[in-house]
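Comments concern the structure below.
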Amino acid sequence: METAAEQIPLEGFLFVAAIIFSLGVYGVLSRRNAIQILMSVELMLNAVAVNFVAFAVYTDPELFRGLIFGIFVIIVAAAEVGLALGIILNVFRSRATANVDEVSELKW
Amino acid sequence: MTVAEVVFYILAIVAIVASIGVVTTPNVVHAALFLILSLLGVAGFYILLSNEFLALVQILIYAGTISVLMLLGLMLTRGREQNLPSVGAGAQWPLALLGSLVLGGVLLTAVLDVNWPRDTGVVTLVNINTLGGALFHDWLLPFEIVSVVLTVALIGAVVIAHQTEEEA
Numbered sequence: 048m049e050t051a052a053e054q055i056p057l058e059g060f061l062f063v064a065a066i067i068f069s070l071g072v073y074g075v076l077s078r079r080n081a082i083q084i085l086m087s088v089e090l091m092l093n094a095v096a097v098n099f100v101a102f103a104v105y106t107d108p109e110l111f112r113g114l115i116f117g118i119f120v121i122i123v124a125a126a127e128v129g130l131a132l133g134i135i136l137n138v139f140r141s142r143a144t145a146n147v148d149e150v151s152e153l154k155w
Numbered sequence: 010m011t012v013a014e015v016v017f018y019i020l021a022i023v024a025i026v027a028s029i030g031v032v033t034t035p036n037v038v039h040a041a042l043f044l045i046l047s048l049l050g051v052a053g054f055y056i057l058l059s060n061e062f063l064a065l066v067q068i069l070i071y072a073g074t075i076s077v078l079m080l081l082g083l084m085l086t087r088g089r090e091q092n093l094p095s096v097g098a099g100a101q102w103p104l105a106l107l108g109s110l111v112l113g114g115v116l117l118t119a120v121l122d123v124n125w126p127r128d129t130g131v132v133t134l135v136n137i138n139t140l141g142g143a144l145f146h147d148w149l150l151p152f153e154i155v156s157v158v159l160t161v162a163l164i165g166a167v168v169i170a171h172q173t174e175e176e177a
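So the sequence lines, in the order shown, correspond to chains A and B. Position 27, counted from 1, in the first sequence is what this note's numbering calls 74; the numbers after and before it change by one each time, with no gaps. Position 8, counted from 1, in the second sequence is what this note's numbering calls 17; the numbers after and before it change by one each time, with no gaps.
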């Protein structure tokens, strides 16, 4: 009985992760709401974590360094969301908006 | 087609369609719900990669905690209007689409073009005992550092979001 990972080529996971990463890039560049930009960043982090885990399972079964990196990516994402939401709340309190194009004091 | 392949294609379609929903819907609450769906699809990938621990962490932390944090943030930044926040794309979206299409094209060509290394055809499963042993033995210092990072970030979030008396 072969495992599920043996029936699916590594390229399959890389392919899907590349598509999700590009969608995340599009979201970061095009969205106006700060929280939706944050969600797009989460999509990109997720795609990277899938890549790490897929490479660990397929090419590095003894040390599985990619799995550890995947766990660290999730932890850092949690820290990042907490901090970013604090900043967005603060911006909302002083500007009464969460849209990044209306917070343009540093625009040159 | 084997069962695993069918499951993989279903999960891939769910994850990609939900991700498209996240970055295209103008309704921000719908985007958050699409994000949960996409994260659950990725959790399914982890199960397919025989890593149920990471799948559970993904569901608990990403699909559970982070999505609830996002929804709470949406609730607190809603402003005076009563209906759900609906924010369209900025005027720069054609350029953003072009840029991400170019990047996606490069990435997909690279994925299809490179002959990826694959030691054997056999995939050894990493069980949770081995993973925990490695995490607390070989990776102890990074583990401690990342826990300090998480603590500092959360304390920082509280400090930043804290409302003092004179601001109120």
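We put the beta carbon where it would ideally sit given N, CA and C, even for glycine. Quick caveat: nothing in here was measured; it's all calculated off a predicted structure.
Less than 7 angstroms between the beta carbons of residue i and residue j, yes or no?
| i | j | result |
| --- | --- | --- |
| M91(A) | A40(B) | no |
| T160(B) | F139(A) | no |
| V51(B) | E58(A) | no |
| G113(B) | S69(A) | yes |
| V100(A) | L57(B) | no |
| F132(A) | G82(B) | Just to set this straight, residue 132(A) is Leu in the shown sequence, not Phe. Closer than 7 angstroms, so yes. |
| L130(A) | A162(B) | yes |
| I67(A) | S28(B) | yes |
| L191(B) | A65(A) | This structure cannot settle anything about residue 191(B), because the visible part of chain B is limited to 10 through 177. |
| V63(A) | A21(B) | yes |
| V155(B) | F119(A) | yes |
| Q54(A) | T11(B) | yes |
| V157(B) | A126(A) | no |
| T106(A) | P126(B) | yes |
| A13(B) | Y73(A) | no |
| S47(B) | A24(B) | yes |
Does the Cβ of residue i have 16 or more other Cβ atoms within 10 Å, making it buried, or fewer, making it exposed?
| i | result |
| --- | --- |
| R142(A) | exposed |
| A72(B) | buried |
| Q172(B) | exposed |
| V168(B) | exposed |
| N136(B) | exposed |
| E109(A) | exposed |
| G142(B) | exposed |
| N80(A) | buried |
| S151(A) | exposed |
| Q101(B) | exposed |
| F60(A) | buried |
| S77(A) | buried |
| V26(B) | exposed |
| V31(B) | buried |
| F15(B) | Strictly speaking, residue 15(B) in this sequence is Val, with Phe absent from that position. Answer is exposed; the Cβ neighbour count stays below 16. |
| S95(B) | exposed |
| V111(B) | exposed |
| L44(B) | buried |
| I75(B) | buried |
| F111(A) | buried |
Taking the alpha helix (DSSP H) that residue i falls in, what are its first and last residues?
| i | result |
| --- | --- |
| R112(A) | R112 to R142 |
| L112(B) | W102 to D122 |
| E153(B) | L149 to A170 |
| T139(B) | I137 to H146 |
| E53(A) | A51 to Q54 |
| M79(B) | S76 to L85 |
| L69(B) | Taken as a continuous stretch (DSSP letters only), L69(B) belongs to no alpha helix (DSSP H), as it is neither H nor E. |
On the DSSP bridge assignment, give the partners of residue i in chain order.
| i | result |
| --- | --- |
| S95(B) | N36(B) |
| N146(A) | N80(A) |
Assuming the contact rule is C-beta atoms closer than 8 angstroms, residue i and residue j should be a hit. Round their C-beta distance to whole Å, please.
| i | j | result |
| --- | --- | --- |
| V75(A) | V88(A) | 6 angstroms |
| I84(A) | V147(A) | 7 angstroms |
| L140(B) | T50(A) | Not a contact, Cβ separation roughly 16 angstroms. |
| L78(B) | V128(A) | 6 angstroms |
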